[in-house]
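Asks: The numbers in the sequence shown follow this note's numbering, run straight up by one, and end at 310.
Beta carbons are placed, not taken as given, at the ideal position from N, Cα and C, and that holds for glycine.
Here it is, the structure in full.
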Amino acid sequence: MHVAILCTPAGWHSNELCRALAERGHTGRVLPYEGLVARLGTGRGVAGGLSSESTALLDADAVLTRFIPNGSLEQIIYRMDALHWIEKRGVPVMNSPRAIERSVDKFYATALLQEAGLPTPETVVCESTADAMAAVLAMGDVIVKPIFGSMGHGMVRVSDPDVAFRVVQSLEQVRAVFYVQRAVDHCGRDVRVFVIGGTVLGAIERRASDGGWRTNVSRGGSARPFELPPEWEPLALGAAAAVGADYAGVDLLPSRDGTVFVLEVNGIPGWRGLQHATGIDVAGAIVDHLVGRVRAGDGSALRPATELPA
Numbered sequence: 001m002h003v004a005i006l007c008t009p010a011g012w013h014s015n016e017l018c019r020a021l022a023e024r025g026h027t028g029r030v031l032p033y034e035g036l037v038a039r040l041g042t043g044r045g046v047a048g049g050l051s052s053e054s055t056a057l058l059d060a061d062a063v064l065t066r067f068i069p070n071g072s073l074e075q076i077i078y079r080m081d082a083l084h085w086i087e088k089r090g091v092p093v094m095n096s097p098r099a100i101e102r103s104v105d106k107f108y109a110t111a112l113l114q115e116a117g118l119p120t121p122e123t124v125v126c127e128s129t130a131d132a133m134a135a136v137l138a139m140g141d142v143i144v145k146p147i148f149g150s151m152g153h154g155m156v157r158v159s160d161p162d163v164a165f166r167v168v169q170s171l172e173q174v175r176a177v178f179y180v181q182r183a184v185d186h187c188g189r190d191v192r193v194f195v196i197g198g199t200v201l202g203a204i205e206r207r208a209s210d211g212g213w214r215t216n217v218s219r220g221g222s223a224r225p226f227e228l229p230p231e232w233e234p235l236a237l238g239a240a241a242a243v244g245a246d247y248a249g250v251d252l253l254p255s256r257d258g259t260v261f262v263l264e265v266n267g268i269p270g271w272r273g274l275q276h277a278t279g280i281d282v283a284g285a286i287v288d289h290l291v292g293r294v295r296a297g298d299g300s301a302l303r304p305a306t307e308l309p310a
């Protein structure tokens, strides 16, 4: 099977996926989003298609989507539209562009989680400074988050109204949408659950290194294996299903009062912390699920592994 791995920049995760593919007799090629070239038209001699670094993506057996680089609004829309086109042509894309669009947008993801009946922290999303400040004053202790963002970047926790006003004013200057969420007393820990193919692969407990509220491993948090309580499993599975993700990192936030909130669903999740803490071959599980999808859709797509068609 020939798999294109769209990822910018290439790194540990894409290398792990290539390793897992090779171990199973398949080939993977890492390609940059910035290299996407679409050729369109019906004129004589026009060779239509979509490629990256001269690799024809519409001829791949499957596409694995990994980190999408920052860019202008036009660049991001173009990249997502390219993924939609690949999927429309019958090539399995994992995660699907629809799942990525749903999960990367904190507002839309939170709305979908609520519609699925999952517990989420009290949240107000708005464009007005007055509405944002009203939410801050009503909740008291809040976290202001960017709608698009990951790894804890850009989040600010505030409880002082004067400080909150300065934060809100600064965000207003860049025409940001305000995502204001009530802070949950979680004792400096959360749980990352890795879901794939409708099952829980594994889980880790993450703790803030300084006893604070940010638990991201990328920001110095520690990770250890975690035995997920049976009653928590439907929360993780329901969250991944709500955004339509084949695989996802679901963040559960156990509060001091015993309530377990679904905080976030990551549709392009990293798994280095999970793999190092548990020893689970996450890339292998992702590849096995992808192979299953290809087999279920079109067995003829499984060809001897050579090189991706140019």
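Check this for me: beta carbons of V104 and G267, under 9 angstroms apart or not?
Replies: Numbered from 1 along the sequence shown, position 104 holds the residue referred to as residue 104. Numbered from 1 along the sequence shown, position 267 holds the residue referred to as residue 267. The answer is yes: Cβ separation under 9 angstroms.
Asks: Does DSSP put M133 in a helix, a strand or coil?
Replies: Translated into the one-based positions of the sequence shown, residue 133 becomes position 133. In the structure shown, M133 sits in a helix (DSSP, three-state: H, G or I).
Asks: To the nearest angstrom, report how far apart A183 and E127 are at their CA atoms.
Replies: Here the question's residue 183 lines up with position 183 in the sequence shown. Here the question's residue 127 lines up with position 127 in the sequence shown. Their backbone Cα atoms lie some 20 angstroms apart in a straight line.
Asks: If we call anything under 9 angstroms between Cβ atoms a contact, is A240 one with P225?
Replies: Start at 1 with the first residue of the sequence shown, and residue 240 comes out as number 240. Start at 1 with the first residue of the sequence shown, and residue 225 comes out as number 225. Cβ distance not < 9 angstroms, so A240 and P225 don't count as in contact.
Asks: Ordered along the chain, which non-local residues of its own chain (more than five positions away) have a Cβ less than 8 angstroms from that of T306?
Replies: By one-based count along the sequence shown, residue 306 stands at place 306. Residue placement at T306 is poorly supported in this model, since its pLDDT is 40, which falls under 50; the coordinates are not used for a value here.
Asks: When DSSP labels each residue in this structure, what does S54 get in the three-state scheme?
Replies: In the sequence shown, residue 54 corresponds to position 54, counting from 1. The answer is coil: DSSP assigns S54 none of H, G, I, E or B.
Asks: Can you give me the C-alpha to C-alpha distance between W232 and G41, rounded to a whole angstrom?
Replies: Start at 1 with the first residue of the sequence shown, and residue 232 comes out as number 232. Start at 1 with the first residue of the sequence shown, and residue 41 comes out as number 41. Using only the alpha carbons, I get a separation of about 51 angstroms.
Asks: Determine the extent of the alpha helix (DSSP H) in which A111 is found, giving its start and end residues.
Replies: As a position in the sequence shown, residue 111 is number 111, starting the count at 1. First-last of the alpha helix (DSSP H) with A111: 106-115.
Asks: Is it buried or exposed, P230, if we count other Cβ atoms within 10 angstroms and call 16 or more buried?
Replies: Position 230 of the sequence shown, counting from 1, holds the residue named residue 230. Looking at its Cβ environment, which holds fewer than 16 other Cβ atoms inside 10 Å, P230 is exposed.
Asks: Just tell me which of A60, H186, G197, A135 has its CA closest to the CA of F178.
Replies: For the purposes of this step, residue 178 is taken as residue 178 along the sequence shown, with counting starting at 1. Residue A135 is the option with its Cα nearest to F178.
Asks: A47 by DSSP, collapsed to three states: which one?
Replies: By 1-based counting over the sequence shown, the position of residue 47 is 47. Coil at A47, not helix or strand.
Asks: Please tell me whether V260 and P119 are closer than 9 angstroms, where the distance is taken between their beta carbons.
Replies: As a first step, residue 260 is located in the sequence shown; it is residue number 260 there, counting from the start. As a first step, residue 119 is located in the sequence shown; it is residue number 119 there, counting from the start. Yes, the pair counts as a contact, with Cβ atoms nearer than the cut-off.
Asks: Out of K106, G238, R39, W271, which one is the CA nearest neighbour of E205?
Replies: Walking along the sequence shown from the start, residue 205 turns up at place 205. Checking every option, the nearest Cα to that of E205 belongs to W271.
Asks: Is the segment 89-106 close to the segment 243-250, with three or more CB pairs under 8 angstroms?
Replies: Judged by Cβ distances under 8 angstroms, the segment 89-106 makes contact with the segment 243-250, as three or more pairs qualify.
Asks: Closest to D61 by CA distance: which of L21, A10, D160, C187 is it?
Replies: Translated into the one-based positions of the sequence shown, residue 61 becomes position 61. D61 has its Cα closest to that of L21, out of L21, A10, D160, C187.
Asks: Secondary structure at E122, three-state DSSP: helix, strand or coil?
Replies: Taking the sequence shown and counting its residues from 1, one reaches residue 122 at position 122. Looking at E122 - three-state DSSP - the assignment turns out to be coil, as it is neither helix nor strand.
Asks: Just curious, the beta strand (DSSP E) that H13 is in, first and last residue?
Replies: For the purposes of this step, residue 13 is taken as residue 13 along the sequence shown, with counting starting at 1. Per DSSP, H13 belongs to no beta strand (DSSP E); it is in the alpha helix (DSSP H), 12-23.
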